[in-house]
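These notes concern the structure reproduced below.
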Amino acid sequence: MPSFRAPGPRVPRPRRYLTCEPRHFDVRYAINPWMREGTPVDTALARAQWESLVRVYRDLGHTVETVEPLAGLPDMVFAANAAVVIDGRVFGSRFHAPQRRPEAGAYARWFEEAAGFEVHVPQAVCEGEGDFVPVGGLVLAGTGFRTTVEAHQEAQEFFGVPTVSLRLVDPYFYHLDTALFALDDENVAYYPEAFSPGSRAVLERLFPDALLATADDAMAFGLNSVSDGCHVIISPRATSLIEGLTRRGYVPVPVELSEFHKAGGGAKCCTQEIRGSSDCRLRSSSSQAGAMEARCD
Ligand code: ARG
Numbered sequence: 014m015p016s017f018r019a020p021g022p023r024v025p026r027p028r029r030y031l032t033c034e035p036r037h038f039d040v041r042y043a044i045n046p047w048m049r050e051g052t053p054v055d056t057a058l059a060r061a062q063w064e065s066l067v068r069v070y071r072d073l074g075h076t077v078e079t080v081e082p083l084a085g086l087p088d089m090v091f092a093a094n095a096a097v098v099i100d101g102r103v104f105g106s107r108f109h110a111p112q113r114r115p116e117a118g119a120y121a122r123w124f125e126e127a128a129g130f131e132v133h134v135p136q137a138v139c140e141g142e143g144d145f146v147p148v149g150g151l152v153l154a155g156t157g158f159r160t161t162v163e164a165h166q167e168a169q170e171f172f173g174v175p176t177v178s179l180r181l182v183d184p185y186f187y188h189l190d191t192a193l194f195a196l197d198d199e200n201v202a203y204y205p206e207a208f209s210p211g212s213r214a215v216l217e218r219l220f221p222d223a224l225l226a227t228a229d230d231a232m233a234f235g236l237n238s239v240s241d242g243c244h245v246i247i248s249p250r251a252t253s254l255i256e257g258l259t260r261r262g263y264v265p266v267p268v269e270l271s272e273f274h275k276a277g278g279g280a281k282c283c284t285q286e287i288r289g290s291s292d293c294r295l296r297s298s299s300s301q302a303g304a305m306e307a308r309c310d
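Here you go:
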């Protein structure tokens with residue numbers, strides 16, 4: 014008989030998210046293979062999709078804040094790229110594409126003036142949670158298309174958390190958060206083919222029990238998901254991944270964000286997680302303190 018370990022109960026943890034309304038969202042330039050300059054965007058549909066994402070977060074008990082969108086910055090809706098926040102410490106961004114560079118200051122102002130954080134302005138090119146995924150007492154850090162290895166080093170010095178560089182090799186998965194997401198404080202889901210052979214081996218070593226996605230899941234933005242440890246906000250077209258999550262006791266919550274796929278983004282790209290001091294535990298203590306009382310059902 015094959016050995017089978019039934020998944021334990023999944024426990025959600027309340028999160029604090031920063032988002033940006035898609036008032037000025039558009040596809041006006043092409044800086045990744047999903048983008049075609051001049052692709053028409055259905056603004057009303059984009060807005061409705063974004064509103065349903067925010068509604069789902071709030072219904073699940075998460076806190077959602079918003080930064081004021083600026084005209085002329087059509088990608089500003091992708092809040093994940095603005096920073097990575099661990100332990101209440103904000104490591105800001107330095108965008109690769111000139112078209113997106115002014116977003117860094119706009120978000121830094123929100124963090125400093127509206128939310129009372131200090132922002133570290135990085136020296137090297139880095140795109141926040143697009144390429145930095147904190148999990149299991151580590152920061153997984155993508156490179157190859159946007160964020161540089163120098164920025165990984167800088168983030169490690171800043172946070173004092175071990176940073177593991179992972180090389181992305183497929184331009185469709187130009188940010189780490191298009192190829193991998195944290196399921197909870199201990200495990201991840203990812204698409205192996207998005208990574209170099211060495212980085213794939215690192216992921217296998219660190220996360221032997223990871224949930225692996227198919228090419229179809231990945232191309233449907235299934236890895237650009239947001240998990241609270243139990244509920245997983247996911248693209249409805251990532252059908253195999255949705256099945257895999259369900260088998261492991263997570264609760265997939267499909268949210269359609271097709272208008273944003275035209276710019277190369279999905280749910281995670283639209284969501285910046287602001288992690289407080291109790292949210293980032295090392296592997297050994299991750300299953301205990303801070304969890305929501307309620308079980309996930
Ligand atoms: N058009 C944006 C870019 O290419 C999309 C960013 C998506 N964000 C993300 N976290 N993957 O920069």
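In case it helps, our numbering puts the sequence shown at residues 14 to 310. Note that the Cβ used here is the ideal one computed from N, Cα and C, for glycine as well.
Output yes or no for whether 8 angstroms exceeds the beta carbon distance between residue i and residue j.
{"i": "Thr227", "j": "Ser253", "result": "yes"}
{"i": "Gly143", "j": "Cys282", "result": "yes"}
{"i": "Ala168", "j": "Phe104", "result": "yes"}
{"i": "Gly277", "j": "Met48", "result": "yes"}
{"i": "Ala202", "j": "Leu224", "result": "yes"}
{"i": "Asp241", "j": "Arg26", "result": "yes"}
{"i": "Ser178", "j": "Gly141", "result": "no"}
{"i": "Ala119", "j": "Leu83", "result": "yes"}
{"i": "Thr191", "j": "Asn237", "result": "yes"}
{"i": "Ala233", "j": "Ala207", "result": "no"}
{"i": "Ala95", "j": "Glu116", "result": "yes"}
{"i": "Tyr204", "j": "Asp229", "result": "no"}
{"i": "Val97", "j": "Phe145", "result": "yes"}
{"i": "His188", "j": "Arg213", "result": "no"}
{"i": "Ser290", "j": "Gly101", "result": "yes"}
Rounded to whole angstroms, what is the Cα-Cα separation between residue i and residue j?
{"i": "Leu219", "j": "Val90", "result": "32 angstroms"}
{"i": "Pro249", "j": "Gly257", "result": "13 angstroms"}
{"i": "Glu81", "j": "Glu64", "result": "15 angstroms"}
{"i": "Thr161", "j": "Ala137", "result": "7 angstroms"}
{"i": "Met305", "j": "Pro147", "result": "Here the model assigns Met305 a pLDDT of 42, short of 50, so the residue's position is not dependable, and the following value carries that caveat. One C-alpha to the other measures close to 20 angstroms."}
{"i": "Gly344", "j": "Gly129", "result": "With the chain covering 14 to 310 only, the question about residue 344 has no answer from this structure."}
{"i": "Glu269", "j": "Glu78", "result": "21 angstroms"}
{"i": "Val132", "j": "Asp88", "result": "21 angstroms"}
{"i": "Val24", "j": "Gly51", "result": "43 angstroms"}
{"i": "Val40", "j": "Val54", "result": "7 angstroms"}
{"i": "Val152", "j": "Ala43", "result": "29 angstroms"}
{"i": "Asp183", "j": "Asn45", "result": "11 angstroms"}
{"i": "Pro221", "j": "Val245", "result": "20 angstroms"}
{"i": "Ile247", "j": "Tyr70", "result": "12 angstroms"}
{"i": "Phe124", "j": "Leu66", "result": "22 angstroms"}
{"i": "Gln62", "j": "Leu86", "result": "19 angstroms"}
{"i": "Pro22", "j": "Asn200", "result": "14 angstroms"}
Classify residue i: buried if its beta carbon has 16 or more other beta carbons within 10 angstroms, exposed otherwise.
{"i": "Leu58", "result": "exposed"}
{"i": "Ser297", "result": "Residue placement at Ser297 is poorly supported in this model, since its pLDDT is 37, which falls under 50; the coordinates still yield a value, given next. That one is exposed."}
{"i": "Ala307", "result": "With a pLDDT of 42 at Ala307, under the threshold of 50, the predicted position of this residue should be treated as unreliable, though the coordinate-derived value follows. With fewer than 16 Cβ atoms within 10 Å of its Cβ, Ala307 is classed as exposed."}
{"i": "Val134", "result": "exposed"}
{"i": "Thr32", "result": "buried"}
{"i": "Asp310", "result": "Unreliable placement is indicated for Asp310, whose pLDDT of 47 sits below 50; the coordinate value is still reported in the next sentence. Classification of Asp310: exposed, given that the 10 Å Cβ count is below 16."}
{"i": "Arg28", "result": "buried"}
{"i": "Asp197", "result": "buried"}
{"i": "Pro265", "result": "buried"}
{"i": "Glu286", "result": "buried"}
{"i": "Leu181", "result": "buried"}
{"i": "Gly173", "result": "exposed"}
{"i": "Cys243", "result": "buried"}
{"i": "Arg260", "result": "exposed"}
{"i": "Glu272", "result": "buried"}
{"i": "Thr284", "result": "buried"}
{"i": "Ala164", "result": "buried"}
{"i": "Gln113", "result": "A quick correction: the sequence has Arg, not Gln, at residue 113. Buried: at least 16 other Cβ atoms inside 10 Å."}
{"i": "Gly211", "result": "exposed"}
Verify the contact flag: residue i, CB atom, against every heavy atom of the ligand ARG, threshold strictly below 7 angstroms.
{"i": "Ile44", "result": "yes"}
{"i": "Arg113", "result": "yes"}
{"i": "Asp190", "result": "yes"}
{"i": "Phe91", "result": "yes"}
{"i": "Ala275", "result": "Just to set this straight, residue 275 is Lys in the shown sequence, not Ala. Outside the cutoff, so no."}
{"i": "Asn318", "result": "No statement about residue 318 is possible, as the shown extent of the chain runs from 14 to 310 and does not include it."}
{"i": "Gly143", "result": "yes"}
{"i": "Asp230", "result": "no"}
{"i": "Cys282", "result": "yes"}
{"i": "Gly150", "result": "no"}
{"i": "Asp88", "result": "yes"}
{"i": "Gly278", "result": "yes"}
Examine chain C for any beta-carbon lying closer than 8 angstroms to the beta-carbon of residue i, and answer yes or no.
{"i": "Gly289", "result": "No chain C appears in the structure shown, which is made up of a single protein chain."}
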